[in-house]
Amino acid sequence: MSGDDQPQVRIDTHADGQARQYIAAGDQHIHQLSPPVSPEMRTLPRDMVAFTGREEELRHLTTAAAQSTGIVAIHAIDGMPGVGKTALAVRVAHLLAASYPDGQLFVDLYAHTPNVPAADPGETLGRLLARTGMDPCQIPDDLGERAARWRSRLADKKVLLILDDATGHAQVEPLLPGAPNCLVLITSRSRMIGLDGAESLNLATLPPEQAITLFTRLAGRGTLTRADAEAVADLVHLCGHLPLAITVLAGRIAHKRAWPLHAFATEFAAATDRLGELEAGDRAVRAAFDMSYQHLPADRQRLYRHLGLHPGPDIDLYAAAALADIPLAQTRRELEALYVDHLLDEPGPGRYRLHDLLRAYTRDLATACETAEQRERATDRLLAYYTRTAQTADSHLTRTPYPALPPAAPDPASDGPDLAERDTALAWMRTEHANLLACLEHATNQSLPHPLIELTAAMAAYLRQEGPWQQAATLHHTAANAAHMQHDPAAEATALRHLADIRYLTGEYAQAVSLFERTLKLHELLGDHLGQAHILNNLGWVQRMTGEYTQAADLLKRALTLYDQLGHQLGQAHTLTDLGRVWRVIGKYTQAADLFERALTLYDQLGDHLGQAHALNGLGWVRRVTGEYLQAADLHERALALFEQLGDRLGKAHALTDLGRPLRITGDYAQAADLFERALALYEQLGNRSGQAHALNALGRTRHLTGKYTQAADLHERALALYEQLGNRLGQANAMQQLGCLLTRTGKHPAAADLLKRALALFRQVGDPQGEAEALNHTGALLAACAGPEQAAQMYRQALNLARQIESPLDEAHALEGVARCAAATADRKVAVTELRRAVEIYRRLGVPEETTAAEYLATLTTI
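In our numbering, the protein residues as written are 7 to 870.
(1) Three-state secondary structure (DSSP) at Tyr106?
(2) DSSP on Leu612, reduced to helix/strand/coil?
(3) Name the two residues that bound the continuous beta strand (DSSP E) containing Val78.
(4) Which runs of the alpha helix (DSSP H), 4 residues or longer, sit entirely within the stretch 585 to 672?
(5) Name the residue from Gly174, Leu224, Pro213 and Leu230 whose alpha carbon lies nearest to the alpha carbon of Ser206.
(6) Figure out for me which residue from Arg159, Ala136, Gly132 and Glu862 has the closest Cα to the Cα of Asp147.
(7) What residue from His361, Val242, Thr92 and His580 has the CA that sits closest to Asp53's CA?
(8) If distances are taken between C-alpha atoms only, which option among Arg629, Gln637, Asp351 and Ile218 comes closest to Asn208?
(9) At the 9 Å Cβ level, is Ala271 part of the contact set with chain B, yes or no?
(10) Determine which residues share a DSSP beta bridge with Arg48 and list them.
(11) Where do the N-terminal and C-terminal ends of the beta strand (DSSP E) with Ser206 fall, by residue?
(12) Determine the DSSP secondary structure at Pro142, reduced to helix, strand or coil.
(13) Assign Glu61 to one of two classes, buried (16 or more other C-beta atoms within 10 Å of its C-beta) or exposed (fewer than that).
(14) Helix, strand or coil for Ala264 per DSSP?
(15) When we look at the beta-carbon of Glu151 and count the other beta-carbons within 10 Å, is it buried (16 or more) or exposed?
(16) Which class does Leu353 belong to by DSSP, given the choice of helix, strand or coil?
(17) Taking DSSP as the reference, what is the three-state secondary structure of Arg289?
(18) Identify whether Ala741 lies in helix, strand or coil by the three-state DSSP scheme.
(19) Could you check what DSSP says for Thr193 in three-state terms: helix, strand or coil?
(20) Between the alpha carbons of Leu360 and Leu329, how many angstroms are there, rounded?
(21) To the nearest angstrom, how far is the alpha carbon of Asp774 from that of Gly697?
(22) Rounded to whole angstroms, how far is the Cβ of Gly318 from the Cβ of Ala440, which I believe are closer than 8 Å?
(23) So, for Thr866: in the same chain, excluding its five sequence neighbours on each side, which residues have a beta-carbon less than 6 Å away from its beta-carbon?
(24) Note down the Cα distance separating Gly853 from Leu736, rounded to an integer number of angstroms.
(25) Give the range of the beta strand (DSSP E) segment to which Val165 is assigned.
(26) List the endpoints of the continuous alpha helix (DSSP H) containing Tyr310.
(27) Enumerate, from N- to C-terminal direction, the unbroken beta strand (DSSP E) stretches of 3 or more residues contained entirely within the stretch 766 to 854.
(28) I'd like to check one pair, Ala496 with Arg405: are the Cβ atoms closer than 9 Å?
(29) From the DSSP secondary-structure annotation, give me the bridge partner or partners of Asp84.
(30) Which residue or residues does DSSP assign as beta-bridge partners of Tyr358?
(31) Rank Ala478, Leu349, Ala464 and Glu778 by C-alpha distance to the C-alpha of Arg195 and give the top, closest one.
(32) Leaving out the 5 sequence neighbours to the left and right, which residues in its chain are closer than 6 Å to Leu309 when beta-carbon positions are compared?
(33) Could you round the C-beta distance between Leu230 and Thr222 to whole angstroms and report it? I think they count as a contact, below 8 Å.
(34) The alpha helix (DSSP H) that contains Met491, what's its start and end?
(35) In the DSSP assignment, find the alpha helix (DSSP H) that holds Gln691 and state where it starts and stops.
(36) How big is the Cα-Cα spacing for Pro266 and Ala275?
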């Protein structure tokens, strides 16, 4: 029978207390009322009135029981202490009792009952055989013979058997019936890995909604106000959604009806001994945990206690080995055993996590059983492991390697993961991100300056790439203060440099300059020429972003001189790339291309793929402004592929934006818009306001060209607001010019004139000739629309001269077309035809959509 053909099974509970299984496919009830069973064969505990949720598990178990044929159905329900394994088994047994008329037996195997030894299988079989009516004098002594007699007694019976709180498969195997018409439900804190024929059901904690329902029922609070509902959600969250903890806590508040739930939640959240609050009579969460812990071997107990000292949300094999100072092989065995016993979860391969209440429990154990010195040594080993491994990962992620800070403690003896490549280093950083932050918080709270400084520095390249940058800034600021207090100028310089870099990325350029200058003084004090070269390069970045191109070029040239003197090829490559960006903006396209190509050669020699990506992207920008759009797109695509391969989201955003521009120019508006939108999403995730502004402005131009003027105006205005916040004059000029062009198209000439005038002034101030030529062309279009062809022609002529000087063919063609249209408007047909032919030829060579309209206009002029 296929999955689609399986009969639909429903459990109907009737007023007589019996349950009947209804199979829809046959429209019939089965296992109706049956003859009475002797009391000895009906030993199920009472069902819980407040049993809540578990619908999926109930459906699975009851359906599986109804469909079981040919073999005995065995279901092993495993889970952590207090998760509700027994309650689920009992509920299933009551639902299915009528289907097993020959008996429903509950057998407690006492694996975790205080002061009671685990049940012996032989003795248990003796009692079960006696229940079936066998004369005690005829019950054999041998375990195997007892098991055989037990299977024989049940051979023609339909019996449901609950084996509760089992230690493991060795305890339950002799108790299993052989008859195919029996059902066995086993509950255990251990996973029944070695039990043949059993289907395992791992019972997790309750989903939040079911946990809230359970608490509300047991607390007797009825309908909840919004405030009470929020309080209950907080309470069950603090209980880790563990049914035992919820039951105990709800029982406490059930007898205090006057207590506001929000006050109770606040008190419980503030409790320093939360496990101590979860005790009521013989029900106690700590006691349930104690029974599992006490069954562990001594070495496993020690590791388990040490896990409570880990500050992060999860742990892997290497960190656990460092924490407990034991070999990897032993650590692997012990962690697996703890997982089997449900004292640890394994949310992912090789990742282990403690339930919140077990975390509190192990922390209490560590405090009680380990001395303060032992706990301190353990956390020192853990911090040293994370720092050492993060430094290894950082060596693959950082763009400009700096000498590593000397470790404050020797390397731990434990091994570490293999981080030989950038992708594995980045994957490790992403996986351990939360743990590394937790370690930094621990180091801060415990006033451990050296681990704080070293680990923050080791995370710098990762935080730069992945963000969030505000969090990164906070971490680097804390590290800088710690280094200053330790009178460690080298460490302080490192932290200040990283902080300055983040301020640069978030567009806080004035702060970035101030921080870089402080860093430069520290490197000068230390006589660190390489550090000075790095910071001069960094200062060059910032000055470039603020439009101070002369200062930027001077700083970068100074950096390049130092790198040349030191023979530092990577620094040379970085500086050549950054200097190329400056030459690119100020119209020195040939020199810029040469610098990018030189940088690319160095990166190739060094095997630096990230540097290659940046150089390719810069070279693509130059090819675009010189009209080589296919080559530009190819270079940007190569850069994008490298950034994606490296997992560099910021570089990917830059490449997406830059790739969109040649596609937009050549008329592929849909693809360009998609690229700009993808870039914008990445910039927003990273918090890169400068990138957001670039993507918004580029997307606005695309919307303009596709006739979506309202959207375009909004995008340009948002870009302009960001550029103004950042103090980015070149960005402001670009946004103003695009907005002015749009307003010209929509007939808002005074506003357009003001924007274009301001844009033109800014382009001239910062020294961007290509931007100036573009603004002159837009101003010409505006004047042609509102002032007449004579004034417009003057602007077009200025744009034409400038475009030819800097060899910007698209701007040249736009200017030629403008001159031609002005000449036609003044009846100078000869000039109009001559200049328009030149424009059409350039458009055709570039492969841009302007060719079509210009050629059509030329045809009208030549046929007059």
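We treat Cβ as the ideally placed atom computed from N, Cα and C, and that holds for glycine.
Straight from the coordinates:
(1) coil
(2) Reduced to three states, the DSSP call for Leu612 is helix.
(3) It is not in any beta strand (DSSP E) - Val78 carries neither H nor E in the DSSP assignment.
(4) The alpha helix (DSSP H) runs lying completely inside the stretch 585 to 672 and spanning 4 residues or more are 595 to 612, 615 to 631, 635 to 652 and 655 to 671, given in chain order.
(5) The candidate whose alpha carbon is nearest that of Ser206 is Gly174.
(6) Gly132
(7) Thr92
(8) Asp351
(9) Checking the listed chains, one finds no chain B in this structure; it contains a single protein chain.
(10) Gln110
(11) Per DSSP, Ser206 belongs to the beta strand (DSSP E) from Ala204 to Asn208.
(12) helix
(13) exposed
(14) In the three-state DSSP reduction, Ala264 falls in the coil class, being neither helix nor strand.
(15) exposed
(16) Correcting the residue identity first, residue 353 is Pro in this sequence and not Leu. DSSP places Pro353 in strand when its eight states are reduced to three.
(17) In this structure, Arg289 counts as strand in the three-state DSSP scheme.
(18) helix
(19) strand
(20) 15 Å
(21) 19 Å
(22) 6 Å
(23) none
(24) 28 Å
(25) Val165 to Ala172
(26) Ala304 to Leu313
(27) none
(28) When the beta-carbon positions are compared, Arg405 and Ala496 stay at least 9 Å from each other.
(29) Answer is Ser194 and Asn208, bridged to Asp84.
(30) Answer is Ile321.
(31) Leu349
(32) Ala330 and Glu340
(33) 7 Å
(34) Trp475 to Met491
(35) Run containing Gln691: Tyr675 to Leu692, per the alpha helix (DSSP H) assignment.
(36) 14 Å
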